[in-house]
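Peer 1: Top line first, the protein sequences correspond to chains A and B.
Numbering-wise (my numbering), the first sequence opens with residue -7 and increments by one.
Numbering-wise (my numbering), the second sequence opens with residue -7 and increments by one.
Backbone N, C-alpha and C fix where the C-beta goes; we use that ideal spot for every residue, glycine too.
There are 2 protein chains.
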Amino acid sequence: MELKPVAKKFVLHWGEMGTTWGVNRTVAQIHALLFIAGRPMNADEITETLGVARSNVSMSLKELSNWNLIRSMPLMGDRRDHYETTTDVWELFRTVVRERKSREFDPTIEVLRDCLKSGDIASEDKAAQMRIKETLALMEALSSWASEMIRLEPETMMKVIKMGAKVQQFVRSKSDS
Amino acid sequence: MELKPVAKKFVLHWGEMGTTWGVNRTVAQIHALLFIAGRPMNADEITETLGVARSNVSMSLKELSNWNLIRSMPLMGDRRDHYETTTDVWELFRTVVRERKSREFDPTIEVLRDCLKSGDIASEDKAAQMRIKETLALMEALSSWASEMIRLEPETMMKVIKMGAKVQQFVRSKSDS
DNA sequence: TTTTTATTTCATTATTTACTGAAATTAAAG
DNA sequence: CTTTAATTTCAGTAAATAATGAAATAAAAA
């Protein structure tokens, strides 16, 4: 499939950003392609469109599965695997938050808990102990908060986001009562 | 400086996580070291403690400056540069959010705006155009929201986070009125 | 100023990560 | 079963990134 100019720009940019988002270029490009195409595509079609090796596509599709960003779709009269990603940006957002939380937060939360449980913690100076505790507390709070937020309906989540810092009124009214 | 067991574990772990957080091991280790030490350190001391090349420390300190994660501190009676990072996890959090937003969101927002302004956008199919619009809208919303949130006082922000999905009550009460 | 100390730069090397292509595997069709 | 198509694996290569060490620069002390 030959991409139209904007789609091409989108795919190439998504690919470049992939690196800062924690996946490699091909992985991000495939995701972008499936997202912009909005229909299931087979591996050969992806290969041809992106101009990368077939094996690279195979590995990248597996990586996208690990991220829960694609699912395989059987297509009537075609024995090849077809892959699609959600076209719902909210679902995409949720998935990315969930996955990044598990990669970027959970391992650290575990290590910090270990640190604090360890018999060696007492020999660290008080201020350092405190900082580890505070780091853990913040990460745990953010972690549960993210888990709760991604359970909200997109409609509701959008309202929360649009409201922005105005939530503080709610916070204040709650703590006053 | 010889690190105590927990501090060592903390520094090594932070270093490993650095990769998934978008900085390299040394950069993350130096940050962890300054955070756990809780006092200004000079480059030689950092070099010695971490066992890496002096030049690596120099480059990494510059990178940490680019992230606004350290500042240089003159110390009475010592002509060497001393560096410190905040020991306030909330300030750390804010900085990371601000910086990652500018690296991970802003460039994409710009490209998506370009895509939609481009004369070529009309030749894409309607559904694809829509998805680009929705992606941009979501990213813009998240971006402004993050900017607003990191302006809140730590106290307030913690309350908002602790409240979690309960904000939806506020959202509902607002849209009902 | 010259000397000493501190710091940075950058070419080189090492390490890690990404990608390719060929071979192996799996599985459907004949 | 045999053949053909689809997919995966993985050793080897390429590319990108990180780290080193020597040389250059900067800046304070003598």
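For histidine 74 of chain A, which residues from the same chain have a beta carbon less than 6 angstroms from its beta carbon, with the 5 sequence-adjacent residues on both sides left out?
Peer 2: Cβ neighbours of histidine 74 of chain A beyond the five flanking positions: Pro32, Asn34, Met65, Leu67.
Peer 1: Relative to the C-alpha of asparagine 16 of chain B, which residue among B/Phe27, B/Leu56, B/Glu37 is closest?
Peer 2: Comparing Cα positions, the closest option is B/Leu56.
Peer 1: Leaving aside the five residues before and after alanine 138 of chain B along the sequence, list all residues of the same chain whose C-beta is less than 7 angstroms from its C-beta, in chain order.
Peer 2: Cβ within range, chain order: Val89, Lys93.
Peer 1: I need the DSSP call for leucine 61 of chain A, collapsed to helix, strand or coil.
Peer 2: In this structure, leucine 61 of chain A counts as coil in the three-state DSSP scheme.
Peer 1: Within this structure, are the beta carbons of valine -2 of chain A and aspartate 117 of chain B separated by less than 7 angstroms?
Peer 2: The answer is no: Cβ separation not under 7 angstroms.
Peer 1: Mind checking glycine 43 of chain B: buried by the 16 CB within 10 Å criterion, or exposed?
Peer 2: Classification for glycine 43 of chain B: exposed.
Peer 1: Among residues of its own chain, excluding the 5 on either side of glycine 54 of chain B, which ones have a beta-carbon nearer than 8 angstroms to its beta-carbon?
Peer 2: Checking the sequence shown, residue 54 of chain B turns out to be lysine, not glycine. Cβ within range, chain order: n/a, list empty.
Peer 1: Looking at chain B, which residues of the region 29 to 40 of chain A have a Cβ within less than 7 angstroms of any of its Cβ atoms?
Peer 2: The residues in question are Gly30.
Peer 1: Give me, in chain order, the residues of the same chain whose beta-carbon lies closer than 8 angstroms to that of methionine 155 of chain B; leave out the 5 immediate sequence neighbours on both sides.
Peer 2: Correct list: empty, nothing qualifies.
Peer 1: Could you tell me whether any Cβ in chain B is nearer than 7 angstroms to the Cβ of serine 115 of chain A?
Peer 2: Yes, contact with chain B.
Peer 1: Distance check for methionine 9 of chain B and arginine 96 of chain A, CA to CA, integer angstroms please.
Peer 2: Going by the sequence as given, residue 96 of chain A is glutamate instead of arginine. Distance between the alpha carbons of glutamate 96 of chain A and methionine 9 of chain B is about 7 angstroms.
Peer 1: For threonine 100 of chain A, does the count of other Cβ atoms within 10 angstroms reach 16, so buried, or fall short, so exposed?
Peer 2: So threonine 100 of chain A counts as buried.
Peer 1: What did DSSP end up calling methionine 33 of chain A once you bin it into helix, strand or coil?
Peer 2: It is a strand residue.
Peer 1: Roughly how many angstroms separate the alpha carbons of leucine 4 of chain A and serine 110 of chain A, rounded to a whole number?
Peer 2: The straight-line gap from Cα to Cα measures roughly 47 angstroms.
Peer 1: Indicate the three-state DSSP secondary structure (helix, strand or coil) for arginine 92 of chain A in the structure shown.
Peer 2: Here arginine 92 of chain A sits in helix by DSSP.
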